[in-house]
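Student: The numbering used here numbers the first residue of the sequence shown as 69 and each following residue consecutively.
Just so it is clear, CB atoms sit at the ideal spot from N, CA and C, and this is done for glycine as well.
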Amino acid sequence: MHAALGLRGWFGADVGITVHDVGFATPDALQAQRITLLREAKWLVVPTRFMRDTLEAWWGRCADGQRLPPLHVIPNGWRPLQPSSLSPRVSAHDRYEVAMVGAIGAHKGLAFANAVAKALPDGVRIVLIGYAEGTLTPGWLVPDRLWVHGVFQPEALEELLSTYGARVVWFAPGVPESFCYALSDVWQAGWPAIVPDIGALGERMRAQGFGCTYDPSLSVEGVATLLTDWLKDPPYQPRQDRPVEREPSLAETMEQFGVLYTERSQAMQESIFPDENQLQRLAQQHLDSAFFRKEILRLQEELMLSRERVKAQEDRNSALLQELQRLATLYDARGNWILKLEADIESLQRSLANCPTVESPKGLGHRVREMLNRVLRKNGVSTDD
69 MHAALGLRGW FGADVGITVH DVGFATPDAL QAQRITLLRE AKWLVVPTRF
119 MRDTLEAWWG RCADGQRLPP LHVIPNGWRP LQPSSLSPRV SAHDRYEVAM
169 VGAIGAHKGL AFANAVAKAL PDGVRIVLIG YAEGTLTPGW LVPDRLWVHG
219 VFQPEALEEL LSTYGARVVW FAPGVPESFC YALSDVWQAG WPAIVPDIGA
269 LGERMRAQGF GCTYDPSLSV EGVATLLTDW LKDPPYQPRQ DRPVEREPSL
319 AETMEQFGVL YTERSQAMQE SIFPDENQLQ RLAQQHLDSA FFRKEILRLQ
369 EELMLSRERV KAQEDRNSAL LQELQRLATL YDARGNWILK LEADIESLQR
419 SLANCPTVES PKGLGHRVRE MLNRVLRKNG VSTDD
């Protein structure tokens with residue numbers, strides 16, 4: 069926040085701000101700084117009408133009558149995806165008729181999704197093509213109900229949805245979306261979606277219609293019934309439409325920003341700009357979704373490798389434990405054998421002691437006893453009377 073507040077002074081140029089998350093409206097210790105930051109901006113940009121309405125309502129409540137800078141709605145553009153040359157890796161082989169796409173955590177309805185998965189009829193499973201909070205690698209989030217695929221590349225989404233057997237993509241209710249790139253990916257892949265009628269999801273679905281909306285306050289059982297009814301009689305089929313192509317492309321979005329910069333900026337020629345290469349790397353690191361996906365994929369691979377190593381070590385530990393248990397059993401058996409041998413020796417010694425010939429130094433009993441003592445000494449048994 070401190071860095072953002074200093075931008076105008078550092079560059080000597082007008083500052084425009086893109087507001088792309090509803091978190092700005094959360095009352096907290098930084099609210100006054102956010103108001104200052106937005107008030108000093110030359111212009112503001114939001115990706116949807118929902119965000120425009122949310123920002124204007126928040127400003128009216130919190131800014132004490134201060135003027136809101138000019139506010140523009142410029143949707144996030146989509147760009148054509150190059151077909152992937154690699155077949156996506158699918159970790160499970162059952163059919164998953166309902167899919168979820170993207171990252172999901174507590175703020176995006178993770179607990180609700182788990183409950184819906186449990187409420188669906190037997191045999192109806194959900195696959196999360198993406199990852200969940202606390203679950204980055206493939207595995208069951210809800211046993212035999214909700215499978216996590218893991219991180220994916222957008223180019224592979226169409227093939228993944230087809231391979232898993234998904235017939236519709238469902239978005240769980242949570243914090244309202246400001247735009248939702250995941251919906252763009254789903255529509256570009258050609259799959260219909262069922263979305264909560266809230267935020268940008270509801271706005272975009274009403275505009276395009278490839279799917280349906282539902283009341284975000286609907287119960288777990290109600291959503292499970294909604295999904296089941298769709299599967300019984302789907303109003304749309306996969307690949308029937310690709311509505312994202314009716315929305316602004318990335319090139320059109322950049323063109324709108326270019327017009328905005330030209331109209332609003334007055335000090336561009338006099339500005340002192342940072343090194344362009346450094347600025348490009350910084351922007352890529354913090355803003356490029358492709359860079360972020362690559363980092364998540366790398367972390368996922370490292371985590372999977374670490375889990376494989378842990379599993380191998382656990383297997384080795386288990387084998388060692390079994391060997392120790394086997395040795396302990398043998399040791400106990402050897403101890404029992406020694407106890408029995410000692411008891412037999414004592415019995416034999418008593419018998420020899422009662423033998424009449426034992427008094428004769430050269431008698432048979434004496435020789436037997438000497439032989440027995442030699443055997444006992446070789447086995448570490450004391451022969452002292």
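Can you look up methionine 175 in the DSSP assignment and give me helix, strand or coil?
Tutor: If you number the sequence shown from 1, residue 175 lands on position 107. Residue 175 is actually histidine in this sequence, not methionine. Reduced to three states, the DSSP call for histidine 175 is helix.
Student: For aspartate 283 versus aspartate 301, is the C-beta spacing smaller than 9 Å?
Tutor: Along the sequence shown, read from residue 1 onward, the residue named residue 283 stands at position 215. Along the sequence shown, read from residue 1 onward, the residue named residue 301 stands at position 233. Result no, Cβ atoms of aspartate 283 and aspartate 301 do not sit closer than 9 Å.
Student: So what's isoleucine 459 in DSSP terms, helix, strand or just coil?
Tutor: The structure shown does not extend to residue 459, since the chain spans only 69 to 453, so no value can be given for it.
Student: Is the beta carbon of valine 166 closer than 9 Å to that of alanine 257?
Tutor: Residue mapping note: residue 257 aligns to position 189 of the sequence shown, counting from 1. Residue mapping note: residue 166 aligns to position 98 of the sequence shown, counting from 1. Result no, Cβ atoms of alanine 257 and valine 166 do not sit closer than 9 Å.
Student: Taking only three categories from DSSP, how would you classify isoleucine 266?
Tutor: For this step, residue 266 is matched to residue 198 along the sequence shown. Coil at isoleucine 266, not helix or strand.
Student: Whole angstroms is fine: what's the gap from valine 219's alpha carbon to tryptophan 127's?
Tutor: Locating residue 219 in the sequence shown gives position 151, counting from the first residue. Locating residue 127 in the sequence shown gives position 59, counting from the first residue. Each residue's Cα considered, the two are about 37 Å apart.
Student: In angstroms, rounded to a whole number, what distance separates the CA positions of glycine 326 and glutamine 308?
Tutor: Position 258 of the sequence shown holds residue 326. Position 240 of the sequence shown holds residue 308. Cα to Cα, the separation comes out at about 34 Å.
Student: Looking at C-alpha atoms only, which residue of Ala200, Ala224, Gln221, Leu225 is the closest neighbour of leucine 214?
Tutor: Taking the first residue of the sequence shown as position 1, residue 214 is located at position 146. When each option's Cα is compared against that of leucine 214, the closest is Ala200.
Student: Does DSSP classify isoleucine 413 as helix, strand or coil?
Tutor: Numbered from its first residue, the sequence shown carries residue 413 at position 345. Here isoleucine 413 sits in helix by DSSP.
Student: Would you kindly work out how many angstroms separate the C-alpha atoms of leucine 392 and serine 386, rounded to a whole number?
Tutor: Along the sequence shown, one-based indexing puts residue 392 at 324. Along the sequence shown, one-based indexing puts residue 386 at 318. Cα to Cα, the separation comes out at about 10 Å.
Student: Where DSSP assigns a beta bridge to tryptophan 238, which residues make up the other side?
Tutor: Taking the first residue of the sequence shown as 1, we reach residue 238 at position 170. Per DSSP, Ile262.
Student: Out of His217, Asp212, Ile197, which has the shortest C-alpha to C-alpha gap to proline 206?
Tutor: For the purposes of this step, residue 206 is taken as the residue at position 138 of the sequence shown. Comparing Cα positions, the closest option is His217.
Student: Going straight from the alpha carbon of glutamate 223 to that of arginine 107, what length do you get?
Tutor: Within the sequence shown, residue 223 is the residue found at index 155, counting from 1. Within the sequence shown, residue 107 is the residue found at index 39, counting from 1. Rounded to the nearest angstrom, the two C-alpha atoms are 40 Å apart.
Student: Is DSSP giving threonine 122 helix, strand or coil here?
Tutor: In the sequence shown, the residue the question calls residue 122 occupies position 54. Helix at threonine 122.
Student: Go ahead and pull the three-state DSSP assignment for tyrosine 304.
Tutor: As a first step, residue 304 is located in the sequence shown; it is residue number 236 there, counting from the start. Tyrosine 304: coil per DSSP, three-state reduction.
Student: Based on Cα-Cα distance, which residue from Leu112, Leu228, Val236 lies nearest to aspartate 82?
Tutor: Counting from 1 along the sequence shown, the entry for residue 82 is found at position 14. Closest by alpha carbon: Leu112.
Student: Quick one: grab the DSSP three-state call for threonine 403.
Tutor: Residue numbering aside, residue 403 sits at position 335 when the sequence shown is read from its first letter. The sequence shown places glycine at residue 403, not threonine. Of the three classes helix, strand and coil, the one that applies to glycine 403 here is helix, per DSSP.
Student: For valine 184, which residues of its own chain have a beta-carbon under 7 Å away from its beta-carbon, when the five flanking residues on both sides are left out?
Tutor: On the sequence shown, residue 184 is found 116 positions in, with the first residue counted as 1. The answer, listed in chain order, is Val288, Val291, Ala292.
Student: Take the Cβ of isoleucine 142 as the centre, count every other Cβ of all protein chains shown within 10 Å, and call the residue buried at 16 or more, exposed below.
Tutor: The residue you call residue 142 lines up with position 74 of the sequence shown. Flag for isoleucine 142 reads buried.
Student: Counting only the same chain and skipping the five closest in sequence on each side, list residues whose C-beta sits under 7 Å from that of lysine 176.
Tutor: Locating residue 176 in the sequence shown gives position 108, counting from the first residue. So the list reads Ala240, Gly242, Val243, once near-sequence residues are dropped.
Student: Identify whether alanine 131 lies in helix, strand or coil by the three-state DSSP scheme.
Tutor: Residue mapping note: residue 131 aligns to position 63 of the sequence shown, counting from 1. Coil at alanine 131, not helix or strand.
Student: Can you tell me which residues form a DSSP beta bridge with cysteine 280?
Tutor: For this step, residue 280 is matched to residue 212 along the sequence shown. Partner(s): Ile262.
Student: Classify threonine 397 as helix, strand or coil using the three-state DSSP reduction.
Tutor: Within the sequence shown, residue 397 is the residue found at index 329, counting from 1. If DSSP states are grouped into helix, strand and coil, threonine 397 belongs with the helices.
Student: Are valine 378 and serine 246 closer than 9 Å when you measure CB to CB?
Tutor: Locating residue 378 in the sequence shown gives position 310, counting from the first residue. Locating residue 246 in the sequence shown gives position 178, counting from the first residue. Contact flag unset, no.
Student: Tell me the DSSP bridge mates of histidine 140?
Tutor: Start at 1 with the first residue of the sequence shown, and residue 140 comes out as number 72. In the DSSP output, where bridge partners are listed per residue, histidine 140 has Val113.
Student: Report back the beta-carbon spacing between tyrosine 249 and tyrosine 164 to the nearest angstrom; my notes put them in contact at under 8 Å.
Tutor: Reading the sequence shown from its first residue, position 181 is the one you call residue 249. Reading the sequence shown from its first residue, position 96 is the one you call residue 164. That belief does not hold up - the Cβ atoms of tyrosine 249 and tyrosine 164 are roughly 22 Å apart, past 8 Å.
Student: By the DSSP assignment, the beta strand (DSSP E) with valine 254 in it spans what residues?
Tutor: As a position in the sequence shown, residue 254 is number 186, starting the count at 1. Taken as a continuous stretch (DSSP letters only), valine 254 belongs to no beta strand (DSSP E), being part of the alpha helix (DSSP H) at 249-257.
Student: So, for glycine 270: in the same chain, excluding its five sequence neighbours on each side, which residues have a beta-carbon less than 6 Å away from its beta-carbon?
Tutor: The count along the sequence shown starts at 1 and reaches residue 270 at position 202. Within the same chain, glycine 270 has close Cβ partners Thr281.
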